[in-house]
C-alpha cells in the first residue's frame, strides 16, 4: 500500500511537471511558463507564482518564438496592472486575462490575429487598450464588465468602438447605424439583438465576425461602401429577415457573390433614380447656342449650395476644389449624378459631413432624402 501511495505521488508530480516544459523570466522580471507547441514555437501557459505589476511578454523564450497565450494563462492574476503582447503572438486564448481586476491597460502589437472568448472579461479597471489592425477575429464577450464596457462615456450612440473595431452595441440601438469611418471589423455577436433597420459599412473593412448581426430582426438593408468584400463569417447574419438586402457598389455584385459566404445573401448594386430634366424636355441641338456664345467658366453664376424650408435647411452641398461636402440628417439617402444621369454615388447621410471627390469638372445634381435636389458646379 505504501509503495502504491509513493507511486501515485510520483505520477501526480510528473503530471504537474508536464503542465509546462520550461520557465523563464520575462523582460519585466516576472516568471513565465511555456509549453512547446512545435520545433520552434511555444505558448505561454498558467503557472505559479502568478505575475504582478507591469508585464511585457517576450517575442522569444529560450530560442523559441512565442506564438500563443493559452486559455486561462493569466486568469485571476489580481495584481497584474498592465500587459504588452508582442506581434509574434497570433492567438490569445479564451479568458486568458479574465478577472485581472487591477489591470488598467493592455497593448496588443501588430501581428496578433485572434483573441478568444471573454479574454479581458471582468477586468473591471481596464480603461486603455490598443488593438492591432492585424486582427481577424474578436470573440464574444472580450470586454464584458471592463471599465470600457461599464463607462457609458466610452460609447457612441449606444455603440462601443475599441481602436478600429466595433465590439458591442446596446440591444436598444434602433434605426440606421452608420458605422464610424476607419472601423475595420465587427466583433463576434457585437450587434446581437439590436433593433437597427439599416447599416452602412465603410470602406477598408477587414471582417464581419460570427453572429455579428445575430437576431437583428428588423434589419432590412446593409450597404457596403467598399468595392472589395470583407471576410464574412458564415453565420454573421443568422436569424435576420429573409428579405435582407446587401447593397454593393456598381459593378461589384459578381465580386461579392464570388467571395466566401456572401453568395447566400440577396446582393444588389447601387441604383440612382431618374434625373430631371427628362429626355423629352432637353432642347434640340439647333437651339443650343454655339460654343463661342457660352460664357466663360468664371462668369457662370455660382449655383445655390443649400436648400431652405420653413423649418430650416434640409441639407447642404458645397464644392471646394473637387471635393463635394454634403451634410444632412443621418440615415437619409444621398444620390449624386452628373448631368448625363450617370450615378456617381448612392449612400446614406452619416453623423458627420461627408466628403466626396468629384471625378471631373462639370455640373452635378445632389439629392438627399425627399428634399428638392441641388445643382453644384465643379469648375477647377
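Numbering (the working numbering), first residue to last: 734 to 1113.
Built from N, CA and C at the ideal position, the CB exists for glycine as well.
Since we're looking at a predicted model, the values are computed, not measured.
To the nearest angstrom, report how far apart residue i and residue j are at their CA atoms.
{"i": "residue 940", "j": "residue 969", "result": "10 Å"}
{"i": "residue 971", "j": "residue 810", "result": "36 Å"}
{"i": "residue 803", "j": "residue 827", "result": "8 Å"}
{"i": "residue 1089", "j": "residue 1069", "result": "10 Å"}
{"i": "residue 947", "j": "residue 760", "result": "42 Å"}
{"i": "residue 823", "j": "residue 902", "result": "26 Å"}
{"i": "residue 915", "j": "residue 893", "result": "14 Å"}
{"i": "residue 920", "j": "residue 959", "result": "19 Å"}
{"i": "residue 891", "j": "residue 964", "result": "25 Å"}
{"i": "residue 908", "j": "residue 766", "result": "49 Å"}
{"i": "residue 1067", "j": "residue 966", "result": "29 Å"}
{"i": "residue 1074", "j": "residue 997", "result": "32 Å"}
{"i": "residue 855", "j": "residue 981", "result": "39 Å"}
{"i": "residue 861", "j": "residue 841", "result": "11 Å"}
{"i": "residue 1033", "j": "residue 1081", "result": "With a pLDDT of 47 at residue 1033, under the threshold of 50, the modelled position of that residue is not reliable, and no figure is offered here."}
{"i": "residue 949", "j": "residue 849", "result": "23 Å"}
{"i": "residue 987", "j": "residue 1072", "result": "28 Å"}
{"i": "residue 884", "j": "residue 875", "result": "16 Å"}
{"i": "residue 807", "j": "residue 790", "result": "12 Å"}
{"i": "residue 1108", "j": "residue 1098", "result": "5 Å"}
{"i": "residue 773", "j": "residue 868", "result": "23 Å"}
{"i": "residue 976", "j": "residue 928", "result": "16 Å"}
{"i": "residue 1002", "j": "residue 762", "result": "57 Å"}
{"i": "residue 962", "j": "residue 782", "result": "47 Å"}
{"i": "residue 853", "j": "residue 813", "result": "12 Å"}
{"i": "residue 999", "j": "residue 800", "result": "39 Å"}
{"i": "residue 832", "j": "residue 858", "result": "10 Å"}
{"i": "residue 739", "j": "residue 754", "result": "Because residue 739 carries a pLDDT of 47, less than 50, the predicted location of this residue cannot be relied on, and the following value inherits that uncertainty. So the two alpha carbons sit approximately 24 Å from each other."}
{"i": "residue 954", "j": "residue 924", "result": "14 Å"}
{"i": "residue 775", "j": "residue 815", "result": "22 Å"}
{"i": "residue 752", "j": "residue 777", "result": "11 Å"}
{"i": "residue 864", "j": "residue 1112", "result": "43 Å"}
{"i": "residue 1106", "j": "residue 1092", "result": "19 Å"}
{"i": "residue 1008", "j": "residue 974", "result": "Residue confidence is low: residue 1008 scores 49 on pLDDT, short of 50, so the model does not pin down where it sits. No coordinate-derived value is stated."}
{"i": "residue 771", "j": "residue 990", "result": "38 Å"}
{"i": "residue 798", "j": "residue 821", "result": "7 Å"}
{"i": "residue 995", "j": "residue 985", "result": "12 Å"}
{"i": "residue 794", "j": "residue 788", "result": "15 Å"}
{"i": "residue 900", "j": "residue 1095", "result": "42 Å"}
Among the options, which has the Cα closest to the Cα of residue i?
{"i": "residue 871", "options": "773, 883, 859 and 895", "result": "895"}
{"i": "residue 796", "options": "868, 757 and 807", "result": "757"}
{"i": "residue 933", "options": "926, 978, 905 and 904", "result": "978"}
{"i": "residue 1078", "options": "999, 957 and 793", "result": "957"}
{"i": "residue 1110", "options": "1087, 1053, 813 and 982", "result": "1053"}
{"i": "residue 918", "options": "999, 754, 944 and 779", "result": "944"}
{"i": "residue 1101", "options": "1063, 953 and 782", "result": "1063"}
{"i": "residue 1086", "options": "1059, 1065, 1104 and 1105", "result": "1059"}
{"i": "residue 829", "options": "805, 762, 816 and 843", "result": "805"}
{"i": "residue 930", "options": "1056, 753, 905 and 844", "result": "905"}
{"i": "residue 851", "options": "799, 784, 768 and 922", "result": "922"}
{"i": "residue 983", "options": "1050, 1076, 786 and 783", "result": "1076"}
{"i": "residue 1134", "options": "839, 775 and 865", "result": "Given that the chain is displayed from residue 734 to residue 1113, the structure contains no residue 1134 and the question cannot be resolved."}
{"i": "residue 937", "options": "1096, 912 and 793", "result": "912"}
{"i": "residue 889", "options": "784, 910, 877 and 1050", "result": "910"}
{"i": "residue 846", "options": "835, 836, 1061 and 866", "result": "866"}
{"i": "residue 942", "options": "873, 992 and 990", "result": "873"}
{"i": "residue 818", "options": "1065, 835, 843 and 1049", "result": "843"}
{"i": "residue 1047", "options": "1104, 995 and 1057", "result": "1104"}
Sort out for me which residues DSSP pairs residue i with in a bridge.
{"i": "residue 932", "result": "910 and 955"}
{"i": "residue 813", "result": "786"}
{"i": "residue 888", "result": "893"}
{"i": "residue 818", "result": "841"}
{"i": "residue 1001", "result": "980"}
{"i": "residue 965", "result": "941"}
{"i": "residue 1101", "result": "1067"}
{"i": "residue 870", "result": "847"}
{"i": "residue 1053", "result": "1056"}
Considering residue i, what are the terminal residues of the alpha helix (DSSP H) in which it resides?
{"i": "residue 828", "result": "From DSSP, residue 828 is part of no alpha helix (DSSP H); its letter is neither H nor E."}
{"i": "residue 880", "result": "880 to 883"}
{"i": "residue 991", "result": "986 to 991"}
Along the chain, where does the beta strand (DSSP E) containing residue i start, and where does it finish?
{"i": "residue 892", "result": "892 to 895"}
{"i": "residue 758", "result": "755 to 758"}
{"i": "residue 797", "result": "797 to 802"}
{"i": "residue 1110", "result": "1107 to 1111"}
{"i": "residue 979", "result": "978 to 981"}
{"i": "residue 917", "result": "Premise fails: residue 917 is in no beta strand (DSSP E) and is neither H nor E."}
{"i": "residue 822", "result": "Neither: residue 822 is in no beta strand (DSSP E) and is coded neither H nor E."}
{"i": "residue 902", "result": "898 to 902"}
{"i": "residue 861", "result": "861 to 863"}
Segments assigned beta strand (DSSP E), at least 3 residues, entirely inside the region 763 to 794: 764 to 769, 774 to 778 and 786 to 789
Ordered list of beta strand (DSSP E) runs contained in the region 1062 to 1099, each at least 3 residues: 1066 to 1071, 1076 to 1081 and 1087 to 1090
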